[in-house]
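In my numbering, the protein residues as written are 53 to 390. A short write-up of the structure that comes next.
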């Protein structure tokens, strides 16, 4: 059950129609990207052969199992495999987009990158891969990266800010000096230098970014704990012998979380923008990975194919705008003056 204060905040958030609608649209995009295999896949969702049902999306089958000659996984989109299955009264149920993130369209009648068509709704890139499928898979990578990085940043930032603000004194002074030095390090240059020694991947980028992204949250949490430690009920809890960690968790942290939650959408936008920029510069995900930054690069390299640039721009603009609108609505909902 929600407390009366939480219910009032939820009501204020819902009254902000722009933020409320943005939350629903973002939830739809998140669900579509998480279930990208159900929307864009070069393997059937369900296959019937000789009265038996198969699930090629989840299990690997060989061409021999469907009457073919090769002991390898068949190309379900080929005419040959279709004839093998239909000859036995079978059928295949493909997702709305019958292409995976790395599936080339070998039936193109024009050079790549090809313009939007009935088979490729947003066209193809320079390798004949479906742009819409790569947008879905790339959005999933960006969102998972952003959510994971934000969760790590919130955990570290809350801990550091809470310790500095609650204890004060030498703990706060030493912590501020460390933050000043740490925040002065050039993150992008470090990533570029380290990429010469280690091949970048999802976890490598996440680890490096997590070392610096928590800094933006420390000052906010520190200020809340500096203010909260002098409140009367906090002094009373300490006078009653409540341990410091319980005082911090029970009495001060809930107030600090209010300020933290309003920062979360903006931390998500920063993480997505950073990953996109690194992919665009060639220091992000491994080459060939589906990502929004790689699509931006495709648009830059192929100005004669404007659908690539427009798709990358509108995909990023939509996701980042929705997160900003959600953040604005959260800030209004948690505003203590309201």
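Glycine residues also receive a C-beta, built at the ideal position from the N, C-alpha and C atoms. Treat the numbers as computed from the prediction; the structure is a model and nothing was measured.
Could you tell me which residues DSSP puts in a beta bridge with residue i?
i           : result
residue 208 : According to DSSP, which records beta bridges pairwise, residue 208 is partnered with nothing at all.
residue 104 : 101
residue 181 : 156
residue 149 : 92
residue 176 : 182
Which whole-angstrom value describes the C-beta separation of residue i and residue j, a residue pair presumed to lie in contact below a C-beta threshold of 8 Å?
i           : j           : result
residue 344 : residue 357 : 17 Å between Cβ atoms; not a contact.
residue 220 : residue 270 : That belief does not hold up - the Cβ atoms of residue 220 and residue 270 are roughly 14 Å apart, past 8 Å.
residue 327 : residue 197 : 5 Å
residue 273 : residue 210 : 5 Å
residue 378 : residue 74  : 5 Å
residue 178 : residue 350 : 6 Å
residue 148 : residue 91  : 6 Å
residue 267 : residue 231 : 6 Å
residue 240 : residue 313 : Their Cβ separation, rounded to whole angstroms, is 28 Å, which puts residue 240 and residue 313 out of contact at 8 Å.
residue 319 : residue 202 : 5 Å
residue 184 : residue 174 : 4 Å
residue 78  : residue 374 : 4 Å
residue 347 : residue 360 : 7 Å
Could you pull the start and end residues of the beta strand (DSSP E) that residue i belongs to?
i           : result
residue 143 : 143 to 145
If you follow the alpha helix (DSSP H) that residue i is in, where does it begin and where does it stop?
i           : result
residue 318 : 305 to 333
residue 380 : 358 to 385
residue 352 : 344 to 353
residue 133 : 131 to 138
When we look at the beta-carbon of residue i and count the other beta-carbons within 10 Å, is it buried (16 or more) or exposed?
i           : result
residue 172 : buried
residue 157 : buried
residue 385 : buried
residue 236 : exposed
residue 85  : buried
residue 159 : exposed
residue 167 : exposed
residue 321 : buried
residue 285 : exposed
residue 191 : buried
residue 116 : exposed
residue 124 : exposed
residue 324 : buried
residue 342 : buried
residue 331 : buried
residue 281 : buried
residue 362 : exposed
residue 163 : exposed
residue 182 : buried
residue 71  : buried
residue 95  : buried
residue 306 : exposed
Mind checking if residue i is an interface residue toward chain C, Cβ cutoff 8 Å exclusive?
i           : result
residue 166 : In the structure shown, chain C does not exist; there is a single protein chain.
In the segment 200 to 244, which residue ranges form an unbroken alpha helix (DSSP H) of at least 4 residues, counting only runs that do not cross its ends?
Counting only runs of 4 or more residues that sit fully inside the segment 200 to 244, the alpha helix (DSSP H) segments are 221 to 235, in chain order.
task = Scan the segment 63 to 104 and note each continuous beta strand (DSSP E) run of 3 residues or more that stays entirely inside, going in chain order.
result = List check, beta strand (DSSP E) in window: 98 to 101.
Entirely enclosed beta strand (DSSP E) segments - the segment 238 to 298, minimum 3 residues: Listed in chain order, there is nothing to give.
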